[in-house]
Every structure is written in structure tokens, then in C-alpha cells.
Amino acid sequence: MIIVLEGFDQAGKKTQSKLLVNLLKTKKKKCTIFSFPDYATPLGKEIKHYLSGKRKFPAQVIHCLLAANRWEKSKEIIDALSKNYVVIMNRYYQSNLVYGTANGLDLKWLENLDKGLPKEDLVIVLDVNPSDSFSRKRLKRDKFEKDKVFAQKITGAYRRLAKKYGWHVVNASRSRDHVHQSIAQIVLKYMD
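Residue numbers (the working numbering): 288 to 479.
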């Protein structure tokens, strides 16, 4: 089973991924977390350089790199699934759809970049107002995190694509515990 946690930067994806693993372990589920982009891989290093402003790429190239970064990890994902792990994704290809369309790229083109990767069972979008995101992290923001106009585009794209694809949306501007309770309710209902 693959559960994807999505959302704008500083929405709480990393924290909620860990809380979800802890919850599922109490239910005797084996779990693992994958976070994307994975900066430890060769392509991940290029992505990090781009996000920090050290490299420049056209929108098509960076979105191809982001997809390729997921392909770099696909064997590990498949291996975890074959061992009956619940795979928690801190971002997956849905981020590419959101950020890519916000960058003016064609949705079908973006979908094709990840065609063939293991499919998710459940997508939960942590919906946070950009102002909350900016207040949670004021320094060392990357290329996407610094642009307040782009942040509004991303938030709108997440909401629009959540409707289109049937993703669950959780208000992530609330307390960590309230957000976790909402995620737990969605996940446990799905697993029943």
C-alpha cells in the first residue's frame, strides 16, 4: 500500500509522515518513508542545486529531473511493497503535477513522465495557507518557497487537482495533533 502526503512547503508532511508511521506500527503494520526529492541521489543533487539557485534549468528539464529522481528509487519502492510494507511518501509524482502546471506545463505531458511507477492507494493533501507556510520557516527557503505569488498558484493547483483526482484534503493550518487525527481517520477508514 502506498500513502502519499502532499502539500506546499512547511505544511507538515515530514512530521505527519512520522506520526503516521508510529500509528501504523501500533496496528502491527511494517512501514517505510520515502521523501521526494531525494537529494542523496545523483539527480537529487542536481535538483538541490536548482532549488538553491546554483543551477538554472527550463521548466521542462527540472520536471524531468524530478520524475527521474522518483525512477531512481522505484526498485526500492517495489521491494518494500513486495515485502508488504506500507509505503508512506513525503511527496510523490503528484507534486510534479501541481508544480508543473503552476509552471505552465501541460498536465498530460507531466502525467506521462511518471507513467509506470508504482501507483498510490491514497493521497492526502495537507492544505496550508501560504502565509502559515512562510511563518513556519522564515530563513533558508528554496526557489519555490521564496515566491509568494507562486505559493498562491501552488495552493490553488493542489486544491484544483485534488478535486480532479479525488485526493483527500486536510486543513494543515490547525495544530499538529488535529492534523494527525484527520489523517489517521482517513487512513484507518481506507484500511478497514
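Where a beta carbon is used, it is the ideal one built from N, C-alpha and C, also for glycine.
Unbroken alpha helix (DSSP H) run spanning residue i, endpoints
| i | result |
| --- | --- |
| Ser339 | Here Ser339 belongs to no alpha helix (DSSP H), and DSSP marks it neither H nor E. |
| Leu311 | 300-313 |
| Phe323 | Note, Phe323: premise wrong, no alpha helix (DSSP H); not H, not E. |
| Val436 | 435-452 |
N- and C-terminal bounds of the beta strand (DSSP E) containing residue i
| i | result |
| --- | --- |
| Ser460 | Ser460 -> no beta strand (DSSP E), and no H or E assigned at all. |
| Gly294 | 289-294 |
From the options, residue whose alpha carbon lies closest to that of residue i
| i | options | result |
| --- | --- | --- |
| Arg378 | Lys301, Thr313, Gln472 | Lys301 |
| Gly443 | Ile289, Val374, Val415, Lys317 | Val415 |
| Val412 | Val466, Gln347, Glu359 | Val466 |
| Asn458 | Leu394, Phe295, His336, Ser322 | Phe295 |
| Gly331 | Leu353, Glu363, Leu311, Val348 | Leu353 |
| Tyr380 | Gln439, Ile470, Ser361, Asn371 | Ser361 |
| Val348 | Tyr337, Trp358, Lys395 | Tyr337 |
| Met288 | Ser382, Lys406, Trp454, Lys341 | Lys406 |
| Arg446 | Ile470, Lys395, Ser382 | Ser382 |
| Lys440 | Asn390, Ile364, Lys451 | Asn390 |
| Gly453 | Ile473, Ile365, Lys341 | Ile473 |
| Ser304 | Arg463, Ile364, Met478 | Arg463 |
Proximity of residue i and residue j at Cβ, strictly below 8 Å
| i | j | result |
| --- | --- | --- |
| Leu384 | Glu398 | yes |
| Asn371 | Pro324 | no |
| Thr313 | Ala367 | no |
| His350 | Gly387 | yes |
| Val374 | Phe321 | yes |
| Leu404 | Trp358 | yes |
| Leu392 | Ala346 | yes |
Supposed contact pair residue j and residue i - C-beta distance, whole angstroms, cut 8 Å
| i | j | result |
| --- | --- | --- |
| Ile470 | Leu307 | 6 Å |
| Tyr326 | Lys316 | Incorrect: roughly 27 Å between the Cβ atoms, too far for contact. |
Continuous alpha helix (DSSP H) assignments of at least 4 residues falling wholly in the segment 337-412:
346-359, 361-369, 380-389, 394-400
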